[in-house]
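A quick write-up on the structure given underneath.
Numbering (the working numbering), first residue to last: 435 to 692.
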C-alpha cells in the first residue's frame with residue numbers, strides 16, 4: 435500500500451467511516467425512541483438501517499470471497515485485497531502512515547460494525563411486536579455472533595495502532611504465527627468462515643422479517659393503543675391460535691402459524 439494516496443481514496447475512506455457513524459447514531463436513536471410512544475419515522479428508520487447493513491455486508495463479504503479465491507489460486511502468495519478494498523485501506527491508513535497495516539485493520543473494523551448495526555436494526559424493528567418472531571430470534575443470534583467478531587477486529591486494530599509488530603487476535607493466534615503462508619492461510623480462512631456464518635444468519639433473519647412483516651408493521655400503526663377489545667378488535671383472550679400480539683394493537687397472524 436505504498437505511494438501517494440489519491441483524493442478519491444481519501445474521500446472514499448471518509449464516506450465509509452461516516453456511513454458507519456451515521457448507522458450507529460441511528461441505532462442509538464432507535465434504542466431510546468422505541469422505549470416511548472410510536473413515532474411515524476421509527477419504522478422507516480429501522481428499515482433504512484437494515485437496508486444499509488445488508489448493502490454493507492454484501493460489499494464486505496465479497497472482499498472476503500475474493501481473498502479466499504485468490505488464496506486458492508495462490509496459496510503461498512502474500513495476502514491480497516481487491517483494488518477498491520486496497521484503495522479504502524490506503525485512505526484510512528493516513529491516520530498513521532508509519533503503520534502500513536493499520537488502514538487494512540480499520541477498513542475491516544468499519545465493515546464489521548456496519549454489518550453489526552444492520553443486525554441491531556432487525557432486533558429494534560421487531561421490538562414492538564410481542565410473541566415468538568423468528569426474525570427477532572435470528573437477529574439476536576446475529577448480534578451476538580457479530581458482536582464477538584467485531585470485538586476480534588477491535589483487538590486486531592488496537593494492537594496495530596499501539597505499535598505491535600503484527601496484529602494480535604484470535605485470527606492471528608495472538609501473534610504467535612510467524613508472517614508467511616501459514617499466517618495468511620489461517621487468517622484468510624478464519625475471517626472468510628466467520629463472515630460466511632454471519633452472512634447466512636443475516637439472510638435467514640431478513641427472510642423471516644419479510645414473512646413476518648405484517649406483524650412487525652402492525653406494532654408501529656398509530657391509534658391502536660390498549661390490549662382490550664374495541665370495535666372490530668377482539669380482546670386478548672379471543673386471539674386465534676398462532677397469532678402474534680403487537681404492543682398497542684390486536685393480534686396478527688404469524689405467517690409461520692406460531
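Positions of the beta carbon are idealized from the N, C-alpha and C atoms, including for glycine. A quick note: this is a predicted structure, and the numbers were derived from the prediction, not measured.
Counted within 10 angstroms of its Cβ, other Cβ atoms place residue i as buried (16 or more) or exposed
i           : result
residue 655 : exposed
residue 440 : exposed
residue 546 : buried
residue 683 : Residue placement at residue 683 is poorly supported in this model, since its pLDDT is 45, which falls under 50; the coordinates still yield a value, given next. Residue 683 should be labelled buried.
residue 625 : buried
residue 599 : exposed
residue 519 : buried
residue 603 : buried
residue 450 : buried
Nearest-angstrom beta carbon gap, residue j and residue i [assumed within contact, 8 Å]
i           : j           : result
residue 543 : residue 619 : In fact, because the Cβ distance is near 22 Å, the residues do not count as touching under 8 Å.
residue 491 : residue 549 : 4 Å
residue 555 : residue 483 : 4 Å
residue 615 : residue 504 : No, residue 615 and residue 504 are not in contact; Cβ-Cβ is about 13 Å, not under 8 Å.
residue 569 : residue 642 : 4 Å
residue 461 : residue 563 : Not quite, the Cβ-Cβ distance comes to about 19 Å (not below 8 Å), so this is no contact.
residue 700 : residue 464 : A question about residue 700 goes unanswered here, because the residues of the chain that appear run from 435 up to 692.
Nonlocal neighbours in the same chain, by C-beta distance under 6 Å from residue i, ignoring five residues either side
i           : result
residue 674 : Residue placement at residue 674 is poorly supported in this model, since its pLDDT is 43, which falls under 50; the coordinates still yield a value, given next. Result list for residue 674: empty, nothing under 6 Å.
residue 541 : 522, 523 and 526
residue 597 : none
residue 665 : Note that residue 665 scores 31 on pLDDT, short of 50, meaning its location in the model is unreliable; the coordinates nonetheless yield the value given after this. Nothing meets the Cβ criterion.
residue 593 : 601 and 602
residue 571 : none
Option nearest residue i by Cα separation, candidates the options
i           : options               : result
residue 587 : 536, 563, 644 and 571 : 536
residue 577 : 511, 639 and 614      : 639
residue 580 : 594, 553, 558 and 593 : 553
residue 584 : 530, 463, 461 and 551 : 551
residue 506 : 560, 622 and 530      : 622
residue 467 : 612, 649, 558 and 633 : 558
residue 575 : 460, 613, 455 and 636 : 636
residue 652 : 561, 456, 607 and 438 : 561
residue 488 : 633, 647, 582 and 443 : 633
Cβ-based neighbour list, residue i, same chain, cut-off 8 Å, excluding 5 preceding and 5 following
i           : result
residue 529 : 536, 537 and 540
residue 458 : 547 and 551
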